[in-house]
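This report refers to the structure that appears directly beneath it.
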Amino acid sequence: MNEPLRRPAAYDVGLEVHRPVPLVPGPTAPLAPVRPSDVPSVASVVLPDGRVVTGYAVTPVQPEPVTHKPLVSRAAVNIALGGVGFLAVCGGLLLLTAFITALTALITQLVILAAVLFGGWVAVQVLSARGHRCGTTANIRKATFKRNHFHG
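Under the numbering used here, the first residue of the sequence shown is numbered 76, with each subsequent residue one higher.
Dropping the structure here:
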């Protein structure tokens with residue numbers, strides 16, 4: 076009962092074992108002679124806890140020059156100009172509607188004046204007794220209407 080379990084043979088197929096291979100250092104390049112003036116100076120810094128850090132001085136990266144920014148952005152100027160143009164259009168539209176209203180009132184008054192003048196001219200033509208023309212002249216003041224029939 077306490078026998079170890081055996082793995083089936085199917086698990087042993089295709090099993091690969093990789094063993095690490097040590098790296099062999101390659102040939103080193105010969106050192107070229109360097110003049111002492113070409114070697115940068117080594118800086119040492121003593122930290123507050125007493126440790127000393129030594130290293131080469133790194134030249135700081137120069138930031139790009141800052142371009143001159145305008146005091147007001149172009150978008151703000153465009154928005155302001157759009158607002159001024161909108162106000163100009165609104166003022167023009169207000170004047171245009173006032174002009175159309177005044178023109179409508181003028182045309183209405185002219186039509187009423189023409190109707191009054193034409194009606195007066197017709198009344199004068201009908202009611203005037205300027206001589207006899209062809210046809211029968213009847214005195215309308217004495218005329219009577221009976222059952223929608225004119226009796227002269």
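Where a beta carbon is used, it is the ideal one built from N, C-alpha and C, also for glycine.
Determine the DSSP secondary structure at residue i, reduced to helix, strand or coil.
i, result
"Gln-112", "Gln is not the amino acid found at residue 112; the sequence shown has Ser there. It is helical."
"Val-120", "strand"
"Gly-158", "helix"
"Val-128", "strand"
"Ala-151", "helix"
"Thr-134", "coil"
"Ala-107", "coil"
Keeping to the same chain, check which residues put their C-beta closer than 6 Å to that of residue i; ignore five residues upstream and five downstream.
i, result
"Asn-153", "none"
"Ser-116", "none"
Beta-carbon of residue i versus every beta-carbon of chain C: anything under 9 Å?
i, result
"Pro-102", "The displayed structure is made up of one protein chain only, and chain C is not part of it."
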